[in-house]
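Participant: So the protein lines, in turn, are chains A and B. For the first sequence, my numbering gives the first residue as 753, with consecutive numbering after it. For the second sequence, my numbering gives the first residue as 753, with consecutive numbering after it.
2 protein chains.
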Amino acid sequence: MGPQSTEVEIPRLAAAKIGNDVGLLLAKLHATGSLLNNKALADYGLRERSFSVLTLACSGLEPTQRELADFLSLDPSQVVSLVDDLEHRGLVKRAQGKQDRRAKIIVSTAEGRRIHTKARAGLEVCEQTQLAALSEDENLQLRALLKKALWG
Amino acid sequence: MGPQSTEVEIPRLAAAKIGNDVGLLLAKLHATGSLLNNKALADYGLRERSFSVLTLACSGLEPTQRELADFLSLDPSQVVSLVDDLEHRGLVKRAQGKQDRRAKIIVSTAEGRRIHTKARAGLEVCEQTQLAALSEDENLQLRALLKKALWG
DNA sequence: AAACAATCGTTGACTTTTTCAATGATCCGT
DNA sequence: ACGGATCATTGAAAAAGTCAACGATTGTTT
Numbered sequence: 753m754g755p756q757s758t759e760v761e762i763p764r765l766a767a768a769k770i771g772n773d774v775g776l777l778l779a780k781l782h783a784t785g786s787l788l789n790n791k792a793l794a795d796y797g798l799r800e801r802s803f804s805v806l807t808l809a810c811s812g813l814e815p816t817q818r819e820l821a822d823f824l825s826l827d828p829s830q831v832v833s834l835v836d837d838l839e840h841r842g843l844v845k846r847a848q849g850k851q852d853r854r855a856k857i858i859v860s861t862a863e864g865r866r867i868h869t870k871a872r873a874g875l876e877v878c879e880q881t882q883l884a885a886l887s888e889d890e891n892l893q894l895r896a897l898l899k900k901a902l903w904g
Numbered sequence: 753m754g755p756q757s758t759e760v761e762i763p764r765l766a767a768a769k770i771g772n773d774v775g776l777l778l779a780k781l782h783a784t785g786s787l788l789n790n791k792a793l794a795d796y797g798l799r800e801r802s803f804s805v806l807t808l809a810c811s812g813l814e815p816t817q818r819e820l821a822d823f824l825s826l827d828p829s830q831v832v833s834l835v836d837d838l839e840h841r842g843l844v845k846r847a848q849g850k851q852d853r854r855a856k857i858i859v860s861t862a863e864g865r866r867i868h869t870k871a872r873a874g875l876e877v878c879e880q881t882q883l884a885a886l887s888e889d890e891n892l893q894l895r896a897l898l899k900k901a902l903w904g
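Structural data, given as structure tokens:
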């Protein structure tokens, strides 16, 4: 079958023009990454999104649900589900907004922070696996470029 | 409300650790990009995915549906739907596989290539808009890094 | 050559996710 | 105090994703 490395082989179709489309590249890397991430997070009963919410709840930034929805590109109703789940499991809790009593601030519990620390460790291994083809420098470059593209 | 540029402002939550997660950055850039891309493609009755299929059908690589599914990270049944739609509109057609008569090769029609050329032009404007914060060099770097991460 | 397991595209059922409008509570500007 | 806007929440409808089964065909084993 010819030479075969342990790496993922380049698919024949990558030669097409579309192999340069940022949209497709993002979609594909995101798809494969999500698969790995969700698998890694399953050990802690989390998925990519609930992990994101948990992380932000642990950040000390005291995000409101609206902020979570905007930041994570989710519908507000989806945030309700995610927070419901995390709250039922005692990992986060809803607190009343400080200036705005309509808003609810999501904060982590001690248990939530415990789980988050563990899960994050698992995820970082996972991320390293996904970007194994990149050097340390390139890894940092990629993050920087993505951030710049998003927020200038 | 303080100074306000025409650019997207940096959300408060981007300061969190998760603002460095490759997974989240990919998800977010992909989400905002898809929105723009689908909007741009709507003029031609296409969406991101059908455009991808059409592009590959126009590539001369004669992809099978299985290859499309693998390359685009889709379930084979989703490819069936996408090809059905494009075929009904006369943009692509199914041809019998050459070595393997089970497989079906997706090739573009003249009309398909015509639409594709137009749609691609629209998309490129769109991509440029999305990555406006990046310089020409950075734009190329980003593509290169994404490709390397995917295929080494 | 006959039998067997594996693969391709397709279908249909099932689950999950997304989208959207409506609601009560609260905020803000007038 | 009034009116319009925003927040979280609910529930319903639409879209997308997942998965197992099928006929046709392939490659392999015997």
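The C-beta atom is built at its ideal place from N, Cα and C for all residues, glycine as well.
Looking at the secondary structure, which residues open and close the alpha helix (DSSP H) in which A/Gln817 lies?
Facilitator: 817–823
Participant: Would you say the stretch 771–789 of chain A touches the stretch 768–778 of chain B, given that touching needs at least three Cβ pairs under 8 Å?
Facilitator: The stretch 771–789 of chain A, when compared against the stretch 768–778 of chain B, does touch it at the 8 Å Cβ threshold.
Participant: Does the beta-carbon distance from B/Gly849 to B/Ile858 come in below 7 Å?
Facilitator: no
Participant: Sorted by chain position, which residues of the same chain lie with C-beta nearer than 8 Å to B/Asp712's C-beta, five sequence neighbours on each side aside?
Facilitator: Residue 712 of chain B lies beyond the residue range present for chain B, which begins at 753 and ends at 904; the question has no answer from this structure.
Participant: What do you reckon, are the CB atoms on A/Thr807 and B/Ile770 nearer than 7 Å?
Facilitator: Here A/Thr807 is near B/Ile770, since their CB atoms are less than 7 Å apart.
Participant: Mind listing the chain B neighbours of A/Lys780? Cutoff is C-beta to C-beta under 9 Å, in chain order.
Facilitator: Phe823, Leu824, Ser825, Leu898, Leu902
Participant: So what does DSSP say about A/Ile867, is it helix, strand or coil?
Facilitator: A/Ile867 falls in the helix class under three-state DSSP.
Participant: Alpha carbon to alpha carbon, what distance is there between B/Asn790 and B/Arg895?
Facilitator: 20 Å
Participant: How big is the Cα-Cα spacing for B/Ala768 and A/Leu883?
Facilitator: 22 Å
Participant: When DSSP builds the beta bridges, which residues end up paired with A/Val844?
Facilitator: A/Ser860
Participant: Compare the C-alpha of A/Arg764 against each of B/Glu814, B/Asp852, B/His868, B/His840 and name the closest.
Facilitator: B/Glu814
Participant: Pull up the distance between the alpha-carbon of A/Val831 and that of A/Ala792, whole angstroms please.
Facilitator: 22 Å
Participant: Nearest CA to the CA of B/Gly812: which residue from B/Glu890, B/Ser786, B/Gln851, B/Thr861?
Facilitator: B/Thr861
Participant: Tell me whether A/Leu813 sits in a helix, a strand or coil according to DSSP, three-state version.
Facilitator: coil
Participant: Three or more C-beta pairs under 8 Å: does that hold for the stretch 885–901 of chain A against the stretch 897–904 of chain B?
Facilitator: yes
Participant: Do you know whose CA, among B/Asp889, B/Leu897, B/Ile867, B/Thr881, lies nearest B/Ala794's CA?
Facilitator: B/Ile867
Participant: I'd like the list of long-range same chain contacts for B/Lys845, defined as Cβ closer than 7 Å, with 5 residues on each side in sequence excluded.
Facilitator: Glu839, Val859, Thr861
Participant: State the Cα-Cα distance for the pair B/Ala873 and B/Ala809, rounded to the nearest angstrom.
Facilitator: 17 Å
Participant: Below 8 Å on the Cβ atoms is my contact criterion, and I expect A/Leu798 with A/Ala871 to pass it. Report the Cβ-Cβ distance as a whole number of Å.
Facilitator: With 8 Å as the limit, A/Leu798 and A/Ala871 qualify as a contact, their Cβ atoms being about 6 Å apart.
Participant: Report all residues from its chain with a CB closer than 8 Å to the CB of B/Arg853; omit the five preceding and five following residues, and keep chain order.
Facilitator: none
Participant: How big is the Cα-Cα spacing for A/Asn891 and B/Gly842?
Facilitator: Each residue's alpha carbon lies about 43 Å from the other.
Participant: Give me, in chain order, the residues of the same chain whose beta-carbon lies closer than 8 Å to that of B/Asp837; leave out the 5 immediate sequence neighbours on both sides.
Facilitator: Ser802
Participant: Going by beta carbon distance, what residues of the same chain come within less than 8 Å of B/Asp875, once the five residues before and after it are set aside?
Facilitator: For the sequence presented, residue 875 of chain B should be read as Leu rather than Asp. Cβ within range, chain order: Asn789, Ala792, Leu793, Phe803.
Participant: In whole angstroms, what separates the C-alpha of A/Leu834 from that of A/Glu800?
Facilitator: 11 Å
Participant: Please list the terminal residues of the continuous alpha helix (DSSP H) segment that includes B/Leu778.
Facilitator: 774–793
Participant: Cβ closer than 9 Å: which chain A residues qualify as neighbours of B/Ser804?
Facilitator: Ile770, Asp773, Gly775, Leu776, Ala779
Participant: Under a three-way DSSP split, which group does B/Arg799 fall into?
Facilitator: Here DSSP, grouped into helix, strand and coil, assigns B/Arg799 to coil.
Participant: If you run the structure through DSSP and keep just helix, strand and coil, what is A/Lys900?
Facilitator: helix
Participant: Going by CA-CA distance only, name the one from A/Glu863, A/Gln893, A/Thr881, A/Gln880 that's closest to A/Tyr796.
Facilitator: A/Glu863
Participant: Kindly list, in the order they appear in chain B, the residues whose Cβ is closer than 8 Å to that of A/Pro763.
Facilitator: What A/Pro763 touches in chain B, judged by beta-carbon distance under 8 Å, is Glu819, Asp822, Phe823, Trp903, going in chain order.
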